[in-house]
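Student: The sequence shown: position 46 = 454 (the working numbering), numbered continuously.
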Amino acid sequence: MRVVIDAHCFADAANTLPLITLLYHGATGRHRVMVDDEQAPDLVRWLDSQSQQVRDECALAFAAAALMEVEEPARYEARVIPRGAPNWQTQSVLLPLAIAVTFLSQQFRIYLEDRVTDRAFLLCACTPQQRQFLEQAERAGHLTFDHGGGLGSMKRLVDGLPVDARFHYWLVFDSDALQPATPSNQAASLVNSCIAASIPYHMLSRRFIESYIPRRVLHGWVYGSRRRRRFALDCYNAFVGLADAQRWHYNMKHGMSGDADRVTAGDTNGGLYDGLQPAIANSLNDGFGRDIGDLFNPPGTQVTDTELLRDGSWVELNHAVETVIALIR
409 MRVVIDAHCF
419 ADAANTLPLI
429 TLLYHGATGR
439 HRVMVDDEQA
449 PDLVRWLDSQ
459 SQQVRDECAL
469 AFAAAALMEV
479 EEPARYEARV
489 IPRGAPNWQT
499 QSVLLPLAIA
509 VTFLSQQFRI
519 YLEDRVTDRA
529 FLLCACTPQQ
539 RQFLEQAERA
549 GHLTFDHGGG
559 LGSMKRLVDG
569 LPVDARFHYW
579 LVFDSDALQP
589 ATPSNQAASL
599 VNSCIAASIP
609 YHMLSRRFIE
619 SYIPRRVLHG
629 WVYGSRRRRR
639 FALDCYNAFV
649 GLADAQRWHY
659 NMKHGMSGDA
669 DRVTAGDTNG
679 GLYDGLQPAI
689 ANSLNDGFGR
699 DIGDLFNPPG
709 TQVTDTELLR
719 DGSWVELNHA
729 VETVIALIR
């Protein structure tokens, strides 16, 4: 976040500790910290009263912020004032110093339906540089990947978030769509909650994260062991012969039989699989099993940026990564 400190904050010596905290965020790269007027008398006097190390760290933080803002501007801005009431209603929020210290020390939280597999999936959609940025932010404690516990739980989370949460939260979740552009009722409800709360999010255009496993990777998985060839080869041969939309909305874990309850309850795939030969439909009945998502882990080993690009999903997924990095920085 771009943090612009009102130079009047430096007039009161009692503000030194919170100011040092904010400037530390700038020196470590957590935020882009700058002052609205680097020649302001209050700032000059305050710097003169500090050690040489503090003066050097401040100069480094201000210079780094200016450079990063030219190269990759932050999405959000916080303007820090000596005192007063916060204003959360604008893109550039107004924060009194005491509140700014707590607000800017919070972690950025990426909420996923499953913390382990979905985290690996998201990191697979990164370039090496993007993956390094996210992993370094996680190690530094600036970023955390949280387990959302499914669409219903994520909606309850969003509905209960405070007004400032839009600056610290991003959600990514399945569309669970049985057919293109038709998310499940739960996914659509979560989207509505995110919009109402101004929480940034990305809903997958395909059905699940498993719907993004490239065919070449799936081929290697099936042929990688004799056991998998026995139970999954027929399903794989039928799957790769499907049209794109059919593959992208197929129930990868549980197959056609896994959707029986939803279809009985009135959900429809819009005839997406009408016309399949009975033998093909039968081969697709059971899916690839619950562990198919493990192909994303460790990130960037089996499912790589090259494979995602070849398979046609890179543009969507990496755009989501670019979005969340812009929110974090």
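Backbone N, C-alpha and C fix where the C-beta goes; we use that ideal spot for every residue, glycine too.
As the structure is a computational prediction, the values presented were derived from the model and not from experiment.
In chain order, which continuous runs of the alpha helix (DSSP H) of length 4 or greater are located wholly inside the segment 502–575?
Tutor: 505–512, 523–532, 536–547 and 559–567
Student: Here's a check: name, in chain order, each residue in its chain whose Cβ is nearer than 7 Å to the Cβ of E465, leaving out the five neighbours to either side.
Tutor: The sequence position of residue 465 within the sequence shown is 57, counting from 1. If we look at E465 and ignore the five residues flanking it on each side, its Cβ neighbours are L431 and A435.
Student: Taking just the CA atoms, how far does V571 sit from G604?
Tutor: As a working note, residue 604 is residue 196 in the sequence shown. As a working note, residue 571 is residue 163 in the sequence shown. Note on identity: in this sequence residue 604 is Ala, with Gly being the wrong assignment. Distance between the alpha carbons of A604 and V571 is about 11 Å.
Student: What distance in whole Å lies between the Cβ atoms of H555 and Q515, which are believed to be in contact at a cut-off of 8 Å?
Tutor: Position 107 of the sequence shown, counting from 1, holds the residue named residue 515. Position 147 of the sequence shown, counting from 1, holds the residue named residue 555. Incorrect: roughly 15 Å between the Cβ atoms, too far for contact.
Student: Across the segment 485–498 and the segment 672–679, are there enough close Cβ pairs to call them in contact, namely three or more that are closer than 8 Å?
Tutor: Because the criterion of three Cβ pairs below 8 Å is not met, the segment 485–498 and the segment 672–679 do not touch.
Student: Taking Cβ to Cβ, would you say A482 is nearer than 9 Å to R438?
Tutor: Sequence index remark: in the sequence shown, residue 482 carries index 74 (1-based). Sequence index remark: in the sequence shown, residue 438 carries index 30 (1-based). 9 Å or more divides the Cβ of A482 from the Cβ of R438.
Student: I need the straight-line Cα distance from V462 to L598, nearest angstrom please.
Tutor: To locate residue 462, count along the sequence shown from 1; it is residue 54. To locate residue 598, count along the sequence shown from 1; it is residue 190. Roughly 46 Å separates the two Cα atoms.
Student: Quick check: is any heavy atom of the ligand MN less than 8 Å from the C-beta of S619?
Tutor: Looking at this structure, you won't find the ligand MN or any other ligand, since it has none at all.
Student: Which residue wins for smallest C-alpha separation from G678, given the options T714, G708, F639 and A585?
Tutor: Your numbering for residue 678 matches position 270 in the sequence shown. Closest option to G678, Cα to Cα, is A585.
Student: Do you know offhand how far H657's Cα is from N693's?
Tutor: What you label residue 657 is simply residue 249 of the sequence shown in a count that begins at 1. What you label residue 693 is simply residue 285 of the sequence shown in a count that begins at 1. If I take the Cα positions, the gap works out to 14 Å.
Student: Enumerated in chain order, which unbroken segments of the alpha helix (DSSP H) with a length of 4 residues or greater are wholly contained in the segment 677–709?
Tutor: Complete alpha helix (DSSP H) runs here, min 4: 686–691.
Student: Measuring CA to CA, which of G560, C417, P588 and V630 is closest to S601?
Tutor: Residue mapping note: residue 601 aligns to position 193 of the sequence shown, counting from 1. It is G560.
Student: Could you compute how far the alpha carbon of C417 sits from the alpha carbon of H610?
Tutor: The residue given as residue 417 occupies position 9 in the sequence shown. The residue given as residue 610 occupies position 202 in the sequence shown. It is roughly 38 Å from the alpha-carbon of C417 to the alpha-carbon of H610.
Student: Kindly identify the DSSP beta-bridge partner or partners of Y609.
Tutor: By 1-based counting over the sequence shown, the position of residue 609 is 201. Its beta-bridge partners are L579.
Student: By DSSP's criteria, S500 is part of a beta bridge. Which residues make up the other side?
Tutor: Position 92 of the sequence shown holds residue 500. DSSP, once it has assigned bridges, lists E485 as partnering S500.
Student: Note down the Cα distance separating A419 from Q447, rounded to an integer number of angstroms.
Tutor: If you number the sequence shown from 1, residue 419 lands on position 11. If you number the sequence shown from 1, residue 447 lands on position 39. Approximately 13 Å between the Cα atoms of the pair.
Student: Could you check whether the segment 639–654 touches the segment 562–570, counting it as contact only if at least three pairs of C-beta atoms, one from each stretch, sit closer than 8 Å?
Tutor: no
Student: Secondary structure at I617, three-state DSSP: helix, strand or coil?
Tutor: Position 209 of the sequence shown, counted from the start, is the residue given in the question as residue 617. Helix, per DSSP.
Student: With R410 as the anchor, note down where its beta strand (DSSP E) starts and where it stops.
Tutor: Taking the first residue of the sequence shown as position 1, residue 410 is located at position 2. First-last of the beta strand (DSSP E) with R410: R410 to I413.
Student: State the beta-bridge partners of N495 as determined by DSSP.
Tutor: One-based indexing of the sequence shown puts residue 495 at position 87. In DSSP, N495 forms a bridge with L502.
Student: For D682, which of R523, D699, R698 and M664 has the nearest alpha-carbon?
Tutor: As a first step, residue 682 must be located in the sequence shown, where it is residue number 274. It is M664 whose Cα lies nearest to the Cα of D682.
Student: Please classify P449 as buried or exposed, where buried requires at least 16 other C-beta atoms within 10 Å of its C-beta.
Tutor: Stepping through the sequence shown from its first residue, residue 449 is reached at position 41. Label assigned to P449: exposed.
Student: Pull up the distance between the alpha-carbon of I413 and that of L612, whole angstroms please.
Tutor: As a position in the sequence shown, residue 413 is number 5, starting the count at 1. As a position in the sequence shown, residue 612 is number 204, starting the count at 1. Cα-Cα distance, rounded: 38 Å.
Student: Tell me the rounded alpha-carbon separation between A397 and V452.
Tutor: Given that the chain is displayed from residue 409 to residue 737, the structure contains no residue 397 and the question cannot be resolved.
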